[in-house]
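Colleague: Counting in this note's numbering, the sequence shown runs from 756 upward without gaps. We put the CB at the ideal spot given by N, CA and C, even for glycine. Here the structure is a predicted model, which is why all the values come from computation and not from measurement. Before anything else, here's the structure in question.
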Amino acid sequence: MKKTMKCSECGGTAKFTDDIEFLVELDDRDVLIANLTGYRCAQCAMEYHSADTVERVQSILKAIKKRPKIQFARKLTRSGKRWVVGIPPEIMEALGLHGGEKTKLHVKGHKVVAEFPSK
């Protein structure tokens with residue numbers, strides 16, 4: 756695979772990367788698919804996706820459409836000096852989690868995103 760390509764948008768150099776994110780709203784849900792591969796232009800930030808990446812995104816979105824919408828309102832509580840939000844068993848089961856998994860948290864706009872390890 757080539758490490759660079761010419762950007763068709765601005766003529767700059769797009770470099771291969773494995774940190775592309777794809778955010779889409781699907782049935783009133785924000786779906787963020789992270790760690791995709793492709794090219795990103797250093798000048799204009801235009802992103803290019805490979806056929807494999809597009810197929811992966813389509814496969815993930817198709818699987819998500821089949822899942823029932825799982826959404827809960829939760830109260831933000833305090834445990835010592837930390838703030839805590841409980842994760843309902845239905846969400847744990849839907850994600851195949853059992854507890855003890857390391858989770859990455861980050862802020863995206865006005866949302867807190869929790870990333871769990873892939874199955």
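Have a look at Ile842, Ala806, Lys859 and Lys770 and flag the residue whose alpha-carbon is nearest the alpha-carbon of Gln826.
Modeller: Locating residue 826 in the sequence shown gives position 71, counting from the first residue. Ranking Ile842, Ala806, Lys859 and Lys770 by Cα distance to Gln826 puts Ile842 first.
Colleague: Using a 10 Å radius around the Cβ and a threshold of 16 neighbouring Cβ atoms, would you call Cys799 buried or exposed?
Modeller: Counting from one through the sequence shown, the residue named residue 799 turns up at place 44. Answer is exposed; the Cβ neighbour count stays below 16.
Colleague: Using a Cβ-Cβ cutoff of less than 7 Å, which residues in the same chain neighbour Val867 once the five nearest sequence positions on both sides are dropped?
Modeller: Here the question's residue 867 lines up with position 112 in the sequence shown. Around Val867: Leu860.
Colleague: Applying the criterion that 16 or more other CB atoms from any shown protein chain within 10 Å of the CB defines a buried residue, is Leu791 buried or exposed?
Modeller: As a position in the sequence shown, residue 791 is number 36, starting the count at 1. Flag for Leu791 reads buried.
Colleague: DSSP on Ser814, reduced to helix/strand/coil?
Modeller: Numbered from its first residue, the sequence shown carries residue 814 at position 59. Helix at Ser814.
Colleague: Which ranges does the beta strand (DSSP E) cover as unbroken runs of at least 3 residues, wholly within the stretch 789-869, from first to last along the chain?
Modeller: 802-804, 832-834, 837-839 and 859-863
Colleague: Name the two residues that bound the continuous beta strand (DSSP E) containing Glu780.
Modeller: Within the sequence shown, residue 780 is the residue found at index 25, counting from 1. Taken as a continuous stretch (DSSP letters only), the beta strand (DSSP E) holding Glu780 covers Thr768 to Leu781.
Colleague: Under a Cβ-count criterion, where at least 16 other Cβ atoms within 10 Å of its own Cβ denotes burial, should Ala769 be classed as buried or exposed?
Modeller: Within the sequence shown, residue 769 is the residue found at index 14, counting from 1. Classification of Ala769: buried, given that the 10 Å Cβ count is 16 or more.
Colleague: So the candidates are Glu870, Ile788 and Gly766; which of them puts its Cα closest to the Cα of Ala818?
Modeller: Working through the sequence shown from its first residue, we reach residue 818 at position 63. Ala818 has its Cα closest to that of Ile788, out of Glu870, Ile788 and Gly766.
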